[in-house]
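The sequence shown begins at 0 in numbering that gives the first Met the number 0 and counts up by one. The structure under discussion appears below in the form of C-alpha cells.
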Amino acid sequence: MKALPGGLLVIALVRSDKLLTYSVSDKQRNEISVGGMTCGIAILDRNTVVVMLTRYYPAVNSIAIVDIRQKQVIQHVDLTFGSPSYLYIPMFYTDDQLYISSQSGITVTDMSGAVDREIDLGFEPTDMCYGTKAARIYCIDYSEKKLICIDRDGNTIFTFTDTGLTNANRLTIDNEGYVLILSPEEYNVKNFKVYRISPDGKSGEVIITGKQNESKRRRFSSICFQEESDEVVIGINETVYTYKKK
Numbered sequence: 000m001k002a003l004p005g006g007l008l009v010i011a012l013v014r015s016d017k018l019l020t021y022s023v024s025d026k027q028r029n030e031i032s033v034g035g036m037t038c039g040i041a042i043l044d045r046n047t048v049v050v051m052l053t054r055y056y057p058a059v060n061s062i063a064i065v066d067i068r069q070k071q072v073i074q075h076v077d078l079t080f081g082s083p084s085y086l087y088i089p090m091f092y093t094d095d096q097l098y099i100s101s102q103s104g105i106t107v108t109d110m111s112g113a114v115d116r117e118i119d120l121g122f123e124p125t126d127m128c129y130g131t132k133a134a135r136i137y138c139i140d141y142s143e144k145k146l147i148c149i150d151r152d153g154n155t156i157f158t159f160t161d162t163g164l165t166n167a168n169r170l171t172i173d174n175e176g177y178v179l180i181l182s183p184e185e186y187n188v189k190n191f192k193v194y195r196i197s198p199d200g201k202s203g204e205v206i207i208t209g210k211q212n213e214s215k216r217r218r219f220s221s222i223c224f225q226e227e228s229d230e231v232v233i234g235i236n237e238t239v240y241t242y243k244k245k
C-alpha cells in the first residue's frame with residue numbers, strides 16, 4: 000500500500016491481478032487490472048506507480064507501469080534478472096532506478112529492467128523505504144530484529160535495536176524524516192504497535208497501540224503516511240486503519 004499525493008491510496012491486492020485505489024476521505028474505490036499477480040508496488044510520480052508482477056509464484060517475471068488517473072497499464076517491462084517471488088517484495092523508485100529487495104540485499108535496475116548493480120547486505124530486507132530528503136535507505140532485518148539505515152551504496156549509517164521491536168513487519172517514513180515501523184504482537188494476533196524512530200536512529204518510541212477487527216493467524220499488512228491529512232494509514236488483512244499524527 001502506498002499513499003499518492005492528493006490522498007489516494009494504491010493497494011496491491013494479495014494473490015490478485017488487480018490494484019485497488021481507495022480514497023480515505025470519500026471512500027471511493029476503483030480496481031485496475033495489471034496483467035499479472037501483484038507482489039510489490041512503488042511510486043514513480045503523483046499519477047504513476049510501478050507494480051512487480053508474477054505469472055507463477057516460483058519467479059518474478061515483469062513490472063507494469065500504471066497510470067492511476069487513467070486506470071490503465073501504460074507499459075509492461077520484462078525483467079532481465081531472476082528473482083524469487085513472494086507474496087510481497089519490497090521496492091522503491093528514485094532517480095530513474097528501481098531498488099528491489101533480494102535474498103542477500105538489494106538489486107538496482109533501470110526502468111528497462113536491466114540490472115545496474117547489487118547492494119550486498121548479508122540479509123534479505125523484510126521491508127524497506129527511501130527518505131528522499133536525507134537520501135537514505137531504511138531496511139528491516141527481521142531475523143536480527145533491527146532497523147538498518149544505509150546510503151545508496153550500501154554503507155551503514157546506523158543500526159537501531161530495541162527490546163520491544165520483536166516482530167518488525169512493515170515500515171514507512173513520515174514528513175519529518177521519522178521512520179514508522181508496524182509491529183504486530185507475536186502472541187496476541189489482534190494487537191499491533193507502531194514505533195517511531197528518530198532520523199538519526201538514536202531514539203524510538205511507541206506512538207500507536209491498536210487492535211485489529213479480525214483474528215486471522217496469517218496477517219497481510221502494510222503502512223504508509225499521508226502528508227496531506229497528516230495521517231498514518233495501516234492496512235491489515237481486509238481492513239484499513241487511520242491515525243492522526245500527534
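All C-beta atoms, glycine included, are put in the ideal place defined by N, C-alpha and C. Bear in mind the structure is a predicted one, so any value in this text is a computation, not a measurement.
Check                                                                                                                                                                : Outcome
What's the C-alpha gap between residue 112 and residue 45?                                                                                                           : 22 Å
Looking at C-beta atoms only, is the number of pairs between the stretch 114-123 and the stretch 143-154 that lie closer than 8 Å three or more?                     : yes
Identify the residues that DSSP records as bridge partners of residue 104: which are they?                                                                           : 101 and 119
Would you tell me roughly how many angstroms separate the C-alpha atoms of residue 72 and residue 66, rounded to the nearest one?                                    : 6 Å
What is the residue span of the beta strand (DSSP E) that residue 211 lies within?                                                                                   : Careful: residue 211 lies outside any beta strand (DSSP E) and carries neither H nor E.
Based on the DSSP secondary-structure assignment, which residues constitute the bridge partners of residue 52?                                                       : 37 and 61
Can you name the start and end residues of the beta strand (DSSP E) that residue 29 belongs to?                                                                      : 28-32
Using the rule of at least 16 other Cβ atoms within 10 Å of the residue's Cβ for burial, across every protein chain shown, is residue 126 buried or exposed?         : buried
Quick check: the Cα distance between residue 31 and residue 7, rounded to an integer number of angstroms?                                                            : 14 Å
Pull up the DSSP beta-bridge partners for residue 69, would you.                                                                                                     : Answer by DSSP bridge pairing: none, since residue 69 is not bridged.
Run the CB neighbour count on residue 229, radius 10 Å, all protein chains shown included, and call it buried at 16 or more, exposed below.                          : exposed
Within the continuous beta strand (DSSP E) that includes residue 91, where are the two ends?                                                                         : 90-93
Leaving out the 5 sequence neighbours to the left and right, which residues in its chain are closer than 6 Å to residue 211 when beta-carbon positions are compared? : 189 and 235
Tell me where the beta strand (DSSP E) around residue 191 begins and ends.                                                                                           : 190-196
Could you tell me the alpha carbon to alpha carbon distance between residue 108 and residue 14, rounded to whole angstroms?                                          : 25 Å
Does the distance from the C-beta atom of residue 194 to that of residue 140 stay below 9 Å?                                                                         : no
Would residue 138 and residue 88 qualify as a contact pair, given that the criterion is a beta-carbon distance under 9 Å?                                            : no
How many whole angstroms separate the CB atoms of residue 33 and residue 63, which I take to be in contact at a CB cut-off of 8 Å?                                   : 5 Å
Under a Cβ-count criterion, where at least 16 other Cβ atoms within 10 Å of its own Cβ denotes burial, should residue 163 be classed as buried or exposed?           : exposed
For residue 21, which of helix, strand or coil comes out of DSSP?                                                                                                    : strand
If you follow the beta strand (DSSP E) that residue 232 is in, where does it begin and where does it stop?                                                           : 230-235
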